Amino acid sequence: MESVKKPKKSKFGRAELRSVTRTSKRKIPEIYRKNETVTQETDSETDTEDLEDVDEVESTIASKRNNKGENKMAYSALVTLLNTEHSTTEFANNEENEKRDEGDDDEIEEDEQVHEIEDKDDVLDEEDRIQDEIDVLNKYDAFNLHFNQEEEIGSVISKFEKLSEKDKRLHLISKKKIKIKEGDKHDDDHYIKYKYGYPQVNDRVTKEPNSGSTLDRKLKYHNVKKRVVERFENLEDDIGELDLNLIESMFTYETLNLQYMNNETLKSKYQDYYLLHIMNHLMKTRDRILNNNEKKALHEKRMKEGELEEDEVEPEYRDQGYTRPKVLILLPSRNFAYNLVNKLIKTLKMESVENKKKFKTQFYVESKIKDRVFNPKPKDFEEYFDGNTNDMFVLGIKYTRKTLKLYSPLEQSDIIIASPVGLLKLYDKINMKTPKKEDKKGVIGMKNNFLSSIEICIIDKAEGLMMQNWSNVTELLNKHLNKTPKDFINVDFSRIRMWAINGQNDYLTQIMCFDKYVTPEMVSLVKRSKNVMSGATSYIPIESMNKIDSFNYEMYQMGLVNKFERLKQVFMRFDIDIGHITNEPDKRFDFFKNVVLPQITNKSSYKYGTLVYIPNYFDYLRIKKHLKNETSLTFVAIDEYSTTSQLTRNRALFHNKSNLAPIMLYTERLHFYKRFDIKGVRNVVFYQLPSDPDFYKQVLKFIGDEKLRIDTEKSKLSLKKGAETDNNEEEQDDDEEFDSLDLNLCMVRAIYSKLDAMRLGPIVGPANVSSLSNGEAEITEFS
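First residue of the sequence shown? That's 619 in the working numbering, and the numbers climb one at a time after it.
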């Protein structure tokens, strides 16, 4: 095997750039046709076929190098990426060939300013041009494959649209077990990676890329910009198999859903991964547009000077959408947005960050949960409600070479960070501000268009958005994301990608959802994905210890349960017709009304202290109405809309075993926002299993805390009586009447159906889900 002779390094700075001769087309030199000089023998046949199809290459470098050594070196790097499967040896060659003296990294001053540049520092240098040429021609570059190969994209979409509705379903391509890095959690904890795609229209989704087993190789395989990688310094820390798979899914533009559950290591890193991905995406988009600007301006100049050949036509440069914003990040509160933007600023180390002081004033609040409340709260509660919890915000961020501009106008931003309710309110405000009849200049249309060209949509901390109102997210995605503008202002249709003009953005937009636990709403984002080019992936955590076992272990450590005393937890299944799942809420209500409610009133050992936990607010209203109008039972109800006085009064009545409050209705959203310590709980009925598996433990802990309080009071009373010398009969009677709590007599009921399999898994364990959902027994007891 012959090797390419390494050229001598030479300086290529401003002075050389000013004397550059520009060209529009460049033929592939002879070095391209000699596979044996740059590839391994095992890859030669495949790569030769790829190269034979290329006779001429459109240059993405508007200036031609005079230095032959530099020219040869650039092509050597390009060929290395084009003709190989990115093996270990070739990555080393690529890295060596791309090394250059850094020289001037400042703005490039051009004598001939043939195109307008919006930002003075947003200029392409020679290294950017070389990298962009590599990206354009590299058959492995996911950015190029996913967005810029118009002919292939159009063919795949056309095949998909011709399919019947039945065939337009995602196919499970592969199922893979991924071990969590040892030391993070229990040894048996792992993730299941489900890969989906449309192989009938695009067989590329079935092929696993040979991108290497290290982070460095993966980043080189996907042509991640060096300037981006250099700023993400800590990526090598704690990189495991799960991290590498997640990064691979991001850079191949797969629609994905990740549940981080209680994996603290992953929770601290996944935002770094998607920030790396979006910054690489933005930089590649920027370089492509600026490079094409130069080539287009050069073509126009040559046309004016009459230098064009007779058969030479102006090439098309379709490299953008209708508007500038490319990335949308949805978050539940300003505190999360503040932390994310600060992480981005700290990572990029920009020379200038505009409006940083204003941003801190509006998004930062120096307040901690542990400083505001007396009773300790769960860790996830502190995470969600520390700092500024305002859920109404929209922030535009514009990225240039040296500056990060916060509060940039949305239509001029690269990244939009917002809450769903904030964006919806903004749309309402824009539409109400000026009637359409009076909008002669199309101002409303222009402001409404800022979500028309989103290529990456990130839904982060989705469990918080779920508790706020998930319908806001669905409305935003269905009604506003990537909708073709009705008004076109300053739009150059010669630069708009054809799939965008055809309104086919949904087939290419990458949606990434990150949340704590699995829900049908999150999984549906993957299952309903139309990402025909790259497919979709779900990462589902499997924990070795389920919530029931974890709760029982904690109770045992506190000395509350033993071989003589246990808290029995009964799971009760009601049958539904899978063909009519819309009737599930009615079936659940009938089961509660006819089976569970009589057990509460007639069979429970404790006639007071029954807490009914209801995840869905509409179910809560239905039960509340039924108990009030159709039964003689007395009860109290607290929900997220209750006033402070109502919450205090009803909790006190329930704790004091009042005849007015033997039953309490309690909503999941109230528990999420308040995490009350409900006193007086002896029986628990889960009308539906909690969305968050940790809530199951937290609610049952009410019973354990009640037993601890009663046992502590009894111990104090016993000590007090032991100090007294005179024990009369009356005092003995008082001792006998003193309250006690036996866990064996407490009642715990959980109502579920086959549709609750996702909620069942973390609570009872994956091994028990099948037997509970499909077994003959409709009642299963755990203790």
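Glycine included, each C-beta is placed from N, C-alpha and C at the ideal position. Remember, predicted model here, so these are calculated numbers, not experimental data.
Beta-ladder partner(s) of residue i, from DSSP
i	result
residue 1255	1283
residue 971	1022
residue 1114	938
residue 955	Note: residue 955 sits in no beta bridge, so no partner.
residue 1157	811, 876
residue 792	813
residue 767	Residue 767 pairs with nothing; no bridge assigned.
residue 1214	Answer by DSSP bridge pairing: none, since residue 1214 is not bridged.
residue 1270	For residue 1270, which the question treats as bridged, DSSP gives no partner whatsoever.
residue 1364	Answer by DSSP bridge pairing: none, since residue 1364 is not bridged.
residue 844	Residue 844 pairs with nothing; no bridge assigned.
residue 1434	Residue 1434 lies beyond the residue range present for the chain, which begins at 619 and ends at 1401; the question has no answer from this structure.
residue 1231	1284, 1304
residue 797	808
residue 1399	1188
Given residue i as reference, the closest of the options once Cα atoms are compared
i	options	result
residue 954	982, 973, 936	982
residue 844	809, 895, 881	895
residue 1253	1078, 791, 1276	1276
residue 766	1073, 833, 828	1073
residue 1091	1128, 1143, 1113, 1127	1143
residue 963	1247, 1022, 780, 1394	1022
residue 1181	1339, 1189, 1401	1401
residue 1372	1381, 1385, 1393	1393
residue 1019	901, 1235, 1049	901
residue 1383	1308, 1164, 1333	1164
residue 1068	1173, 1050, 974, 942	942
Residue i burial status per 10 Å Cβ neighbour count (16 or more: buried)
i	result
residue 826	exposed
residue 1198	exposed
residue 931	exposed
residue 1231	buried
residue 1389	exposed
residue 1031	buried
residue 879	buried
residue 872	buried
residue 988	exposed
residue 884	buried
residue 809	buried
residue 924	exposed
residue 881	buried
residue 1335	exposed
9 Å Cβ cutoff met for residue i and residue j
i	j	result
residue 1037	residue 1159	no
residue 1169	residue 1314	yes
residue 1290	residue 1085	yes
residue 1376	residue 1136	yes
residue 1240	residue 1192	no
residue 1066	residue 1105	yes
residue 977	residue 935	no
residue 899	residue 945	yes
residue 839	residue 868	no
residue 812	residue 793	yes
residue 764	residue 1130	no
residue 1229	residue 1299	yes
residue 829	residue 835	yes
residue 1235	residue 1255	no
residue 788	residue 1154	yes
residue 1148	residue 1399	no
residue 907	residue 1113	yes
residue 1292	residue 1323	no
residue 853	residue 831	no
residue 1015	residue 1034	yes
residue 1415	residue 1218	For residue 1415 there is no data in the structure shown, the boundaries of the chain being 619 and 1401.
residue 1402	residue 1233	Nothing about residue 1402 can be reported from this structure: the residues present for the chain run from 619 to 1401 only.
heavy atom of the ligand HEM below 8 Å from residue i C-beta
i	result
residue 1076	Absence of the ligand HEM from the depicted structure is noted, as is the absence of any ligand whatsoever, leaving it without description.
Cutoff 9 Å: residue i Cβ touching any chain D Cβ
i	result
residue 806	The question asks about chain D, but that chain is absent: this structure has only one protein chain.
Margin query: Quick test of the definition: if touching needs 3 or more C-beta pairs under 8 Å, does the segment 1172 to 1180 touch the segment 835 to 852?
Written below: These segments do not touch.
Item checked: Stretch pair the segment 1091 to 1104 + the segment 965 to 976: three plus CB contacts closer than 8 Å -> With a cut-off of 8 Å, the segment 965 to 976 and the segment 1091 to 1104 do not count as touching, because too few Cβ pairs lie within range.
Notebook entry, point to check: Just checking, does the segment 1124 to 1141 make contact with the segment 1074 to 1082 on the three C-beta pairs under 8 Å criterion?
Noted result: With a cut-off of 8 Å, the segment 1074 to 1082 and the segment 1124 to 1141 count as touching, because enough Cβ pairs lie within range.
Notebook entry, point to check: Does the segment 1302 to 1321 come within contact of the segment 1355 to 1368, defined as at least 3 CB pairs closer than 8 Å?
Noted result: Three or more beta-carbon pairs separated by less than 8 Å link the segment 1302 to 1321 to the segment 1355 to 1368, which places the two stretches in contact.
Item checked: Three CB pairs or more closer than 8 Å across the segment 1121 to 1132 and the segment 771 to 778 -> Because the criterion of three Cβ pairs below 8 Å is met, the segment 1121 to 1132 and the segment 771 to 778 touch.
Check: Contact between the segment 1145 to 1162 and the segment 782 to 798: three or more CB pairs below 8 Å?
Finding: By the Cβ rule, the segment 1145 to 1162 counts as touching the segment 782 to 798, because three or more pairs are nearer than 8 Å.
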